Amino acid sequence: MRSRTSPRLLAALTTVLATMVAGTLLSAPSSAEPGRPVPGHDGPRPGEQTGDRTTHSSDGIRGKIAPRILGRAAAPVDTGWLSYPMAPGLTFTQWDRVDARGTIRAYLMTAQLGTPGLSIDYLGADEVPERKPVLDMVVEQAAIGGVNGDFFDISDTGAPLGIGASREAGLIHGRTSGWNAAFSISKAGVPEIGDLEVKAKVKGHDELRLEYVNSPTVFARRVGIFTPEWGRTSGSNVVDGQKKNVREVVINEKNRVVSNKGKLSSGKKIQGAVLVGRDKMAKRLAKLKVGSKVKVNYRVAGRPQVALTGNRQLVDERIRTVVDDSEMHPRTAIGVDRDTNSVLFLVIDGRQSFSRGYTMVELANLMIELGAEDALNLDGGGSSTMVGLRPDGSLGVLNSPSDGKQRPVPDGLQLTYTPLSQ
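Following this note's numbering, the numbering of the sequence shown begins with 237 at its first residue and continues without gaps.
Encoded structure:
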């Protein structure tokens, strides 16, 4: 895979890495077989219309069915270990595992929170619907590692389906219900996995059901808000193509209504905020008069420092919460080890000859084995990507994305390290 080197990062980390890597690099893994990647393609919006929370990846590709194991399976055999510290408090490990179903290749970054200078934050492009390779976004943020994030609207707007919140901007996108299983870092700095709630309202207008903040779809009889973080208006793309019984209210930076129309605009730069309503909510929005003052409030309940959703929780208090042991896919997951105050970033390659991919059950089981009390499934398939520093200090893609190259995605999580001398 292509790699890049950030001079600023190398200058800060060369001394640290040179000392830490010495003597810690274990035997190199076997060479990656070229495999036969399955090209990605547009698919359904996971969970949006059907409520299906077991969708495996944004690409909608059906995975191979895991072989049924009769009788007691032999214990898995792990080989090809590679392990080294990327920075103080951050360790990378790679290995191959052979079991009765075949071979997988796993990649793990373990971040010990509380390590001075080490931080986790939301990772995203300049605008919510914009998609970029994870490596590009990590380089832009001068980070030292990252993984892909939430499931997203791959066939239309490109925007994430759920919640994203960063240390600097707070809530960037989200919805009040329906896609709220999340990884977060609390105000106190504690990593957590569980359902998060978005609070959103149009002040003084409780009759308006504001449920979406920079989300790819405003569903029937609902209201959504789009802010400058969204970029430009998207027309009927955000209302499933509906042209009638819709309403767009434009609010300027001074919280004044400057436009109220029954047609959704497209390609106009958002400078204040845009409210979009459907059906009976469109009729209620029509009552907001041009020139009137309208203020919108939204936040993640509890105001976490960082938040990112996936499609479902894998592990809760060391108990597996998924039962799907059929389809095998590339996977990305995040876990919390409360005993060590560590966050586990895990990627499993799949759809390739050297790595079959994992089922949801296998992914949850491995997270428990690695020490996670709680774990969350992030977007998989061709989206699964891990980026990080190599032993020589270069920044690159560490896994083998199943499309044969990085798939552009809208968000993820990043790891940064600032040496104490800075």
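Backbone N, C-alpha and C define an ideal beta-carbon position, used for all residues, glycine too. Keep in mind that this is a model prediction, so the values were computed, not measured.
- Bounds of the beta strand (DSSP E) holding I487 are V482 to I487.
- Here E484 is buried. Its C-beta has 16 or more other C-beta atoms within 10 Å.
- Of the candidates E609, V623, G632 and V559, V559 places its Cα closest to the Cα of M596.
- A418: member of the beta strand (DSSP E) spanning A417 to I421, first to last residue.
- Boundaries of the alpha helix (DSSP H) around E376: V370 to E376.
- E447 is classed as buried because its beta carbon has at least 16 other beta carbons within 10 Å across all chains shown.
- Counting other Cβ atoms within 10 Å of its Cβ, N635 reaches 16 or more and is therefore classed as buried.
- Taking the C-beta atoms as reference points, G381 is found nearer than 8 Å to V623.
- Contact between the segment 487 to 500 and the segment 404 to 413 is not established, with fewer than three Cβ pairs separated by less than 8 Å.
- L631 and P303 have their C-alpha atoms spaced approximately 37 Å apart.
- Inclusion of S472 and Q478 in the CB contact set at 8 Å is warranted, their separation being smaller than that value.
- Proximity of the segment 586 to 604 to the segment 327 to 346 meets the contact definition, three or more beta-carbon pairs being nearer than 8 Å.
- Counting only the Cα atoms, P312 lies some 53 Å from G503.
- Leaving aside the five residues that flank T576 on each side, the residues in its chain whose CB is nearer than 8 Å to its CB run, in chain order, Q348 and G607.
- With contacts defined as CB atoms closer than 8 Å, P644 and G618 fail to qualify as a contacting pair.
- With contacts defined by Cβ atoms closer than 8 Å, V383 and V370 form a contacting pair.
- The secondary-structure analysis by DSSP pairs L612 across a beta bridge with Q549 and I570.
- For L326, the enclosing beta strand (DSSP E) stretches over residues L326 to D335.
- In this structure, L649 sits away from L326, with a CB-CB distance that is not shorter than 8 Å.
- By the criterion of at least three beta-carbon pairs nearer than 8 Å, the segment 523 to 532 is in contact with the segment 436 to 451.
- Taking the CA atoms as reference points, E433 sits about 15 Å from N547.
- Judged by their CB atoms, V474 and T393 are nearer to each other than the 8 Å cut-off.
- At a cut-off of 3 residues, the continuous stretches assigned as beta strand (DSSP E) that sit fully inside the segment 498 to 557 are 502 to 505, 509 to 514, 532 to 536, 542 to 545 and 548 to 552.
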